[in-house]
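Accompanying notes for the structure given below.
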Amino acid sequence: MKEVLKNYSGILLLLLGIVIGSIIGIIAPQTVNYIKPLGDIFLNLLFVSVVPLVFFAVSNSIASLEQQSKFGKIMITMAFTFLFFILTAAIFTICAVYLFPVSGVSGSKELIEDVTSEESWGNRIVSFFTVGEFTQLFSRQNMLALLIFAFMTGFSARKAGEKGQSFRMFIASGYEVMKELLLLIMKAAPIGLGAYFAYQVATLGPQLFGFYAKPLGLYYIAGVIYFLLFFSIYAFMAGGINGVKNFWKNAIYPTATALSTCSSFATMPANLQAASKLGIPSQIFNIVIPIGTTLHKNGSSMSSIIKIYVAFMIIGRDFFDPMNLLLALGITVFVSIVAGGIPNGGYIGEMLMISVYKLPQEAIPAVMIIGTLVDPLATVLNAVGQLVASMFVNRFVKV
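One rule links them: number in this note's numbering = place in the sequence shown (from 1) + 21.
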């Protein structure tokens, strides 16, 4: 019990901060302007730390990949498997929010009026992928361009071989430093988000409680259905009826580990052990599970869609516009890849979302709160997804 409380202490403290902030927003709305700066300070610290962390994390993960037997074939199959799972989870969630819509917050549409852009779609597409100056890469407004640059840097560092060893050590060290910095900043999350929540409650009203409850309930219901139904389908595709039976027999331990630790990395040993019991060759699961723990996130895919949908409801825009849906799928793929291996990596999704959709800063705390509250189930979907992905890859690659 002590271990569980320790692992969930961050969520419990955040909930406490939200409750206190909500009470302040209800009983003393005249004070929120005095405590809102605490939320602004927290968000600003988060903004300036997450951008370099993205660069170091992505470039380091690419640069540190090593060659192994049949590595190319396994990697290609694994990449298609990850993409298929992530997009399936995202599309399933889009269908869920379409069939069970969440009502928007009244009066919130005005938040977006001052940030609408007259840019053509051609110019916006160019700005999504590239910037004109190197220094502009390290702006949260250009997160997508930074991701692409980080991928290219990682591949180049890996290709440089022995001559790039010092640089690879630099980006690996930079990743560790920025990871610790983000963990340090996130200790202030209960105060920062609590202050911002007080401001939201005071300005938008107690209706926020019902607004948050609906998408959270939708995520947990859809997540459980996805976990039981789609993982069974994937296991059946990989090994038939016996594959389904063996998967659920061996998935109990990783599931329990993910719930108790709230960490995909902590679940990795349990996944490796379960994969061995499933009879998957070590040449496959020793690649798929470690890399998948970083790059493959079913739960993050689903939460990304929910958070984008919630942000659109807050500002009163149409989430189901075809272009918005395509961008949501693209953002979800990037978030599912980048979020892995980064503590609180889901917050990067909010930065990318704000950048691509040109959303106001006011939408960030809401989606951060939802992202935190769905974390237990998201961790289960993320972690156990590596086990079924290993089965899936093994179905198409014979070692």
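All C-beta atoms in this analysis are idealised placements derived from N, C-alpha and C, irrespective of residue type, glycine included.
Would a C-beta distance cut-off of 7 angstroms place residue i and residue j closer than the cut-off?
{"i": "residue 38", "j": "residue 211", "result": "yes"}
{"i": "residue 77", "j": "residue 190", "result": "no"}
{"i": "residue 147", "j": "residue 163", "result": "no"}
{"i": "residue 203", "j": "residue 74", "result": "yes"}
{"i": "residue 263", "j": "residue 407", "result": "no"}
{"i": "residue 275", "j": "residue 405", "result": "yes"}
{"i": "residue 174", "j": "residue 80", "result": "yes"}
Can you say whether residue i is buried or exposed, counting buried as having 16 or more other CB atoms within 10 angstroms of its CB?
{"i": "residue 166", "result": "buried"}
{"i": "residue 194", "result": "exposed"}
{"i": "residue 97", "result": "exposed"}
{"i": "residue 156", "result": "exposed"}
{"i": "residue 170", "result": "buried"}
{"i": "residue 233", "result": "buried"}
{"i": "residue 134", "result": "Any reading at residue 134 must be qualified, since the residue scores a pLDDT of 41, below 50, and its modelled position is unreliable; the value itself is stated next. Classification for residue 134: exposed."}
{"i": "residue 102", "result": "buried"}
{"i": "residue 362", "result": "Note that residue 362 scores 45 on pLDDT, short of 50, meaning its location in the model is unreliable and no value can be drawn from it."}
{"i": "residue 52", "result": "exposed"}
{"i": "residue 105", "result": "exposed"}
{"i": "residue 341", "result": "exposed"}
{"i": "residue 249", "result": "exposed"}
What whole-angstrom Cβ distance do residue i and residue j have, given they're in contact under 8 angstroms?
{"i": "residue 247", "j": "residue 113", "result": "6 angstroms"}
{"i": "residue 47", "j": "residue 222", "result": "6 angstroms"}
{"i": "residue 410", "j": "residue 313", "result": "5 angstroms"}
{"i": "residue 392", "j": "residue 324", "result": "6 angstroms"}
{"i": "residue 335", "j": "residue 236", "result": "Between residue 236 and residue 335 the Cβ distance is about 11 angstroms, and since that is not below 8 angstroms, they are no contact."}
{"i": "residue 213", "j": "residue 59", "result": "6 angstroms"}
{"i": "residue 332", "j": "residue 374", "result": "6 angstroms"}
{"i": "residue 192", "j": "residue 70", "result": "About 16 angstroms; that fails the 8 angstroms criterion."}
{"i": "residue 287", "j": "residue 401", "result": "At roughly 12 angstroms, the Cβ-Cβ gap does not stay under 8 angstroms, so residue 287 and residue 401 are not in contact."}
{"i": "residue 251", "j": "residue 109", "result": "7 angstroms"}
Under 6 angstroms Cβ to Cβ from residue i, same chain only, skipping five residues before and after it: list those, please.
{"i": "residue 159", "result": "72"}
{"i": "residue 265", "result": "253, 256 and 257"}
{"i": "residue 127", "result": "Only weak support is given to the placement of residue 127: the predicted model assigns it a pLDDT of 45, under 50, and the question is left unresolved by the model."}
{"i": "residue 350", "result": "111"}
{"i": "residue 45", "result": "219"}
{"i": "residue 395", "result": "240 and 324"}
{"i": "residue 357", "result": "107, 318, 321 and 322"}
{"i": "residue 63", "result": "209 and 213"}
{"i": "residue 217", "result": "60 and 386"}
Leaving out five residues before and five after residue i in sequence, what residues of the same chain have Cβ atoms less than 8 angstroms from its Cβ?
{"i": "residue 418", "result": "91, 94, 95, 98 and 305"}
{"i": "residue 297", "result": "303 and 306"}
{"i": "residue 269", "result": "253 and 256"}
{"i": "residue 295", "result": "271, 272, 274, 275 and 408"}
{"i": "residue 339", "result": "333 and 345"}
{"i": "residue 239", "result": "117, 118, 121, 123 and 327"}
Tell me which residues share the same chain as residue i and place their Cβ nearer than 7 angstroms to its Cβ, disregarding the 5 neighbours each side in the sequence.
{"i": "residue 403", "result": "285, 318, 319, 320 and 321"}
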